[in-house]
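Using the working numbering, the first residue of the sequence shown is number 24, and each one after it goes up by one. All residues carry an ideal CB built from backbone N, CA and C; glycine is no exception. Shown next, in structure tokens, is the structure this report addresses.
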Amino acid sequence: MNNVRKYPVGIQTFSEIRKGNYIYIDKTDLMWEMTRMKYVFLSRPRRFGKSLLTTTLDSYFKGQKELFEGLKIMDLETEWEQYPVIHVDLSVAKAESSIEALRETLMWILKPMCEVYGKDESETSPGKMFSGLIHRAYEKTGKQVVVIIDEYDAPLLDKLHLSDLLGGFRNVMQEFFIQLKANEALIRFCFITGITKFSQLSIFSTINNLTNISMDAKYAAICGITEEELATDMAPDIAMLAEVYECTPEEMHDKLKKQYDGYRFSEVSPDIYNPFSLLKCFNQRKIANYWFESGTPTFLIRQMQHFRTDITTIERIEASATAFDRPPEAMNTALPLLYQTGYLTIKEYDRESNSYILSIPNNEVRTGFIDGLIPSYIGLDGSYVQDGFALKFWRVLKKNDIDLAMQEMKAYFAGLPYVEGFQKKLAEVKNYEGFYEWSLYLIFSMLNVYVRTQVKCAGGRTDIVVEMPDTTYVFELKANGTAQEALDQINTKGYAQPYETEGHKVVKVGVAFERETMTVGEWVVG
Numbered sequence: 024m025n026n027v028r029k030y031p032v033g034i035q036t037f038s039e040i041r042k043g044n045y046i047y048i049d050k051t052d053l054m055w056e057m058t059r060m061k062y063v064f065l066s067r068p069r070r071f072g073k074s075l076l077t078t079t080l081d082s083y084f085k086g087q088k089e090l091f092e093g094l095k096i097m098d099l100e101t102e103w104e105q106y107p108v109i110h111v112d113l114s115v116a117k118a119e120s121s122i123e124a125l126r127e128t129l130m131w132i133l134k135p136m137c138e139v140y141g142k143d144e145s146e147t148s149p150g151k152m153f154s155g156l157i158h159r160a161y162e163k164t165g166k167q168v169v170v171i172i173d174e175y176d177a178p179l180l181d182k183l184h185l186s187d188l189l190g191g192f193r194n195v196m197q198e199f200f201i202q203l204k205a206n207e208a209l210i211r212f213c214f215i216t217g218i219t220k221f222s223q224l225s226i227f228s229t230i231n232n233l234t235n236i237s238m239d240a241k242y243a244a245i246c247g248i249t250e251e252e253l254a255t256d257m258a259p260d261i262a263m264l265a266e267v268y269e270c271t272p273e274e275m276h277d278k279l280k281k282q283y284d285g286y287r288f289s290e291v292s293p294d295i296y297n298p299f300s301l302l303k304c305f306n307q308r309k310i311a312n313y314w315f316e317s318g319t320p321t322f323l324i325r326q327m328q329h330f331r332t333d334i335t336t337i338e339r340i341e342a343s344a345t346a347f348d349r350p351p352e353a354m355n356t357a358l359p360l361l362y363q364t365g366y367l368t369i370k371e372y373d374r375e376s377n378s379y380i381l382s383i384p385n386n387e388v389r390t391g392f393i394d395g396l397i398p399s400y401i402g403l404d405g406s407y408v409q410d411g412f413a414l415k416f417w418r419v420l421k422k423n424d425i426d427l428a429m430q431e432m433k434a435y436f437a438g439l440p441y442v443e444g445f446q447k448k449l450a451e452v453k454n455y456e457g458f459y460e461w462s463l464y465l466i467f468s469m470l471n472v473y474v475r476t477q478v479k480c481a482g483g484r485t486d487i488v489v490e491m492p493d494t495t496y497v498f499e500l501k502a503n504g505t506a507q508e509a510l511d512q513i514n515t516k517g518y519a520q521p522y523e524t525e526g527h528k529v530v531k532v533g534v535a536f537e538r539e540t541m542t543v544g545e546w547v548v549g
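Here is the structure:
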């Protein structure tokens, strides 16, 4: 099959996508409905289509009707009235390291619009220039102004734990955003995107009628690609990739689902695929971890370290909406940022208790996230862990040879104390058993093996449960004790009973670590 379809990889401008005849998943009906409001805020993870939505709004409010021919909005919009649009992308201010540099960058961002609507020399701050632009755009056109702000929080995210800078940066941004409230009468529509929700900024503290649609079920699919859209609009692409992988379209759909699906942004939501990764997968004709090409954000790693996040708990977290939909200044755990940045997503909702179950969305996120965490949590490079042990261990487990697998583990851990980073992390951990739980959790997770730690059961908590396609391994670890004591604990407390179903093999493994050599001492299989 010759692939003649064009994928807009790296293209976030609606007009370019439409003029270039690239694939476009039609969200214009939701967009049109959203514009019936006045001030709208949408939070979504990076690379999830927020910027494309902002440029679509830009073209719509500029009355560029020809770009929308054949789309859903044509059945809804009848007037196509043109408005002056002030559209700013604050991601370019992300790297600024001083308050003065931030001010200069904000004014530089506004400069192209000043060339259209003019500038008053008295406007010596970003906020004054922004307000002046709104006034002059209104006076020049006689129309209310449309304001679109993409990635409003980009200048602040990397400064979350830099107290000497954060306050000053926030003051600059407050002076900028407060103009949206001050000029309310001159604004027809205002759309703001970001990852987090800084409540101390003026957009949340002074705009009383700001509508946050981030968890609104009606707009859950306004960014991203739904299961239905993949199966219909992108059926030819699935068939093309199925030929490459020599499988059926149905099998390829299942592979894509495991790799890129699983996001939910409200209590009632279709499953959403990551659009960036999915399109790049089709374009490259290869299933891979594209979302992590730029790595795990440093501000997220710092937040997790700051709150001493237990990474072994993130596979399944029960929480109320107020626990994970918090602004950065009110966070007392890393949970809100993990959700807002897309490393966790909603998996279940219990209406009776008004509680949510959060988990890692899919294989792509799990593998890339864990690779980013390994240096911070066990002091080693992710590729060193994967190439040195994880892949070997996994292959042996697939053959159900637990003794050979444990020999691989013993040999691997025996070499790790000589790695400076590993030594340092091990010295920082008071609970040796807990450290080895961390290590094994990260190792298995890199290979998309379903692994859980401290699993609750009637008799207590199981240290590690690893689920392979046809076998479940139940591990109990001892840093002070024998392997037999560990195995006896599995049996007496019934740790393996929940997995002993007909036709499914369960292997119980008691492991003892030697504190002096810091490696596997012995193991017993039951």
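Let me confirm a value: residue i is counted as buried when at least 16 other C-beta atoms fall within 10 Å, else exposed. Which label applies?
i: S74; result: buried
i: N25; result: Because the pLDDT of N25 is 48, which lies under 50, any placement of that residue in the model is unreliable, and the number read from its coordinates should be weighed accordingly. The residue in question, N25, is exposed, as its Cβ has fewer than 16 Cβ neighbours within 10 Å.
i: N232; result: exposed
i: I40; result: buried
i: H184; result: exposed
i: V291; result: exposed
i: R389; result: buried
i: D394; result: buried
i: S121; result: exposed
i: E144; result: exposed
i: R331; result: exposed
i: T101; result: exposed
i: Q35; result: buried
i: A413; result: buried
Whose C-alpha, out of the options, is nearest the C-alpha of residue i?
i: N553; options: A344, Y283 and L323; result: No answer is possible for residue 553: it lies beyond the span of the chain, which begins at 24 and ends at 549.
i: R211; options: S120, F299, A502 and R59; result: R59
i: G33; options: I340, Y313 and Y435; result: Y313
i: D426; options: E89, S228, C270 and W546; result: W546
i: K182; options: Q326, E341, M257 and T271; result: Q326
i: K433; options: W461, A535 and T356; result: A535
i: Y83; options: V419, T485, E56 and G72; result: E56
i: I295; options: F305, S114 and K280; result: K280
i: S148; options: G165, R70 and L129; result: L129
i: G533; options: D486, E490 and G526; result: D486
i: I369; options: R70, E174, I340 and T249; result: I340
i: E537; options: T524, L500, G526 and E251; result: L500
i: P492; options: C480, Q507, R418 and W461; result: R418
Quick one: residues in its chain with C-beta nearer than 6 Å to the C-beta of residue i, no 5 flanking neighbours on either side, listed in chain order?
i: T495; result: Y522 and V529
i: P359; result: F347 and R349
i: G483; result: K516
i: T219; result: D176, P351 and Q363
i: G549; result: L510 and K531
i: I157; result: V168, N206 and L209
Measuring straight from C-alpha to C-alpha, what distance separates residue i and residue j?
i: K151; j: F199; result: 8 Å
i: E207; j: P135; result: 23 Å
i: T234; j: I132; result: 26 Å
i: V111; j: F288; result: 25 Å
i: S353; j: V543; result: Correcting the residue type first, residue 353 is Ala in the shown sequence and not Ser. So the two alpha carbons sit approximately 42 Å from each other.
i: L30; j: I383; result: In the sequence on display, residue 30 carries Tyr and not Leu. About 27 Å.
i: N514; j: T335; result: 23 Å
i: T505; j: Y366; result: 37 Å
i: K309; j: Y268; result: 9 Å
i: L99; j: N377; result: 35 Å
i: T229; j: I201; result: 7 Å
i: S559; j: L179; result: Outside the shown range of the chain, which is 24 to 549, sits residue 559, and nothing can be said about it.
i: I236; j: I172; result: 15 Å
i: A519; j: Y286; result: 31 Å
i: L113; j: R159; result: 22 Å
i: P272; j: A265; result: 5 Å
i: E431; j: L420; result: 11 Å
i: K61; j: G72; result: 21 Å
i: A502; j: E539; result: 10 Å
i: H527; j: K479; result: 20 Å
i: E123; j: Q197; result: 15 Å
Tell me which residues share the same chain as residue i and place their Cβ nearer than 7 Å to its Cβ, disregarding the 5 neighbours each side in the sequence.
i: R475; result: E338 and V488
i: K163; result: Y140
i: K85; result: Q105 and V108
i: A205; result: S154
i: S468; result: R389, I393 and V474
Tell me which same chain residues have a C-beta within less than 8 Å of the C-beta of residue i, skipping the five on either side of it?
i: T79; result: F37, K50, T51 and M54
i: Y372; result: E290, V291, S378, Y379 and I380
i: D239; result: S289
Q.
Three or more C-beta pairs under 8 Å: does that hold for the stretch 83 to 95 against the stretch 228 to 245?
A. Between the stretch 83 to 95 and the stretch 228 to 245, the count of Cβ pairs shorter than 8 Å is below three; the stretches do not touch.
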